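The structure under discussion appears below in the form of structure tokens.
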Amino acid sequence: MNNKINKINHAFVREISNVLEFEVKNQHIKFVTITAVKVTNDLSYAKVYFTVLDDSKKDDTLKALNQASGFIRTKLFDRIDIRHMPKLEFIYDDSIGYGMDIENKIKEMHEKDGE
283 MNNKINKINH
293 AFVREISNVL
303 EFEVKNQHIK
313 FVTITAVKVT
323 NDLSYAKVYF
333 TVLDDSKKDD
343 TLKALNQASG
353 FIRTKLFDRI
363 DIRHMPKLEF
373 IYDDSIGYGM
383 DIENKIKEMH
393 EKDGE
């Protein structure tokens, strides 16, 4: 991945987080954390990975984020200096849960070895 795309990815994480925190009024988008953004090389699409505090609300949050994507793109266009604003695709990031499962399994293995 080239340096320009890397900078755009980081800028998107920062600015989308700011828009969600301060400007989007939808209650389903509260307590959302943007974990990563991956913009395609041609800048046509951006996969936006997110997590929520309450896993049971991830479907409602995904729906609300997709509904707000046009508003978010408009705000990003004002804040990030690129010619073409990519289409945003929101994806729930389950890597944190996966990491916690692995950590728990390692902990269980250590407890069994200690017996």
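Quick note on my numbering: the sequence shown kicks off at 283 and runs consecutively. Even glycine gets a Cβ: it sits at the ideal position worked out from N, Cα and C. These numbers come from a predicted model, not from an experiment.
Practice prompt. Tell me I321's beta-bridge partners as DSSP assigns them.
Written response: A small fix is needed here, since residue 321 is Val in this sequence, not Ile. A328, per the DSSP bridge assignment.
Worksheet entry | Nearest residue (CA-CA) to P337, options T315, V306, V319, D395 | In the sequence as presented, Pro is not what sits at residue 337; that position holds Asp. That would be T315, whose Cα lies nearest to the Cα of D337.
Discussion item. Need the endpoints of the beta strand (DSSP E) that E305 sits in, please.
Written reply: Per DSSP, E305 belongs to no beta strand (DSSP E) and is neither H nor E.
Fill in: Closest residue to K369 among N348, N284, D341 (Cα-Cα distance)
N348
Practice prompt. Indicate whether F353 and A328 have their beta-carbon atoms separated by less than 8 Å.
Written response: no
Worksheet item: Anyone know if the C-beta pair for F332 and T356 falls short of 8 Å?
Response: For F332 and T356, no; Cβs fall outside 8 Å.
Worksheet item: If we call anything under 8 Å between Cβ atoms a contact, is N284 one with K320?
Response: no
Worksheet entry | Candidates A346, K389, I362, of which the one nearest L325 by Cα | Minimum Cα distance to L325 is reached at I362.
Worksheet item: Helix or strand or just coil, what does DSSP make of F313?
Response: coil
Item to complete: Using the DSSP secondary-structure output, state which residues sit across from E371 in a beta bridge.
Response: K329
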